[in-house]
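K.L.:
In terms of my numbering, the sequence shown has 56 at position 56, counting the first letter as 1, and numbering is strictly consecutive.
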Amino acid sequence: MPSAPAQRATAVPNDLEAYWLPFTSNRAFKAAPRLIARAKDMHYYTPDGRAVLDGTAGMWCTNAGHNRDPIVAARITRFSWWNALSMAS
């Protein structure tokens, strides 16, 4: 006897049902999620393009910003040997 066709799971963009957020009010967040699409320098950006100041620097961290060109260039220079090493094997 043939079986019923398998149901395909369809991905829903930004579906938060599978996530449990222990430090957030789950129902409130899932009803109106505050999402971040990208970060540059000292700002986060929402999916609609609004800039939000990243104010997390404090006693235990230094807010150097996000994706800053001088830091990216320094990382590329510093770790260029790593890329060469991984390509050699």
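The beta carbon of each residue, even a glycine, is placed where N, CA and C say it ideally should be.
If you're wondering where the values come from, they're calculated on a predicted model, not measured in any experiment.
Counting Cβ pairs closer than 8 Å, one from the region 72-84 and one from the region 42-55, do we hit at least three?
P.N.:
no
K.L.:
Using C-beta distances below 8 Å, list every residue in its chain close to aspartate 41, excluding the 5 sequence neighbours before and after it, in chain order.
P.N.:
Here residue 41 corresponds to residue number 41 of the sequence shown, with the count starting at 1. So the list reads Gly65, His66, Asn67, Arg68, once near-sequence residues are dropped.
K.L.:
In whole angstroms, what separates the C-alpha of phenylalanine 23 from that of phenylalanine 29?
P.N.:
Taking the first residue of the sequence shown as position 1, residue 23 is located at position 23. Taking the first residue of the sequence shown as position 1, residue 29 is located at position 29. Distance from the CA of phenylalanine 23 to the CA of phenylalanine 29, rounded to the nearest whole angstrom, comes to 11 Å.
K.L.:
So, for proline 47: in the same chain, excluding its five sequence neighbours on each side, which residues have a beta-carbon less than 7 Å away from its beta-carbon?
P.N.:
The count along the sequence shown starts at 1 and reaches residue 47 at position 47. Closer than 7 Å at the Cβ level, and outside the excluded window around proline 47, lie Leu35, Ala37.
K.L.:
For tyrosine 45, which residues in the same chain have their Cβ closer than 8 Å to its Cβ, ignoring the five residues on either side in sequence?
P.N.:
Along the sequence shown, read from residue 1 onward, the residue named residue 45 stands at position 45. Cβ neighbours of tyrosine 45 beyond the five flanking positions: Ile36, Ala37, Arg38, Ala39, Ala51, Val52.
K.L.:
Just how far apart, CA to CA, sit asparagine 26 and tryptophan 20?
P.N.:
Working through the sequence shown from its first residue, we reach residue 26 at position 26. Working through the sequence shown from its first residue, we reach residue 20 at position 20. Computed Cα separation, rounded: 7 Å.
K.L.:
How far does the alpha helix (DSSP H) with alanine 31 in it reach, from first residue to last?
P.N.:
The sequence position of residue 31 within the sequence shown is 31, counting from 1. Boundaries of the alpha helix (DSSP H) around alanine 31: 26-31.
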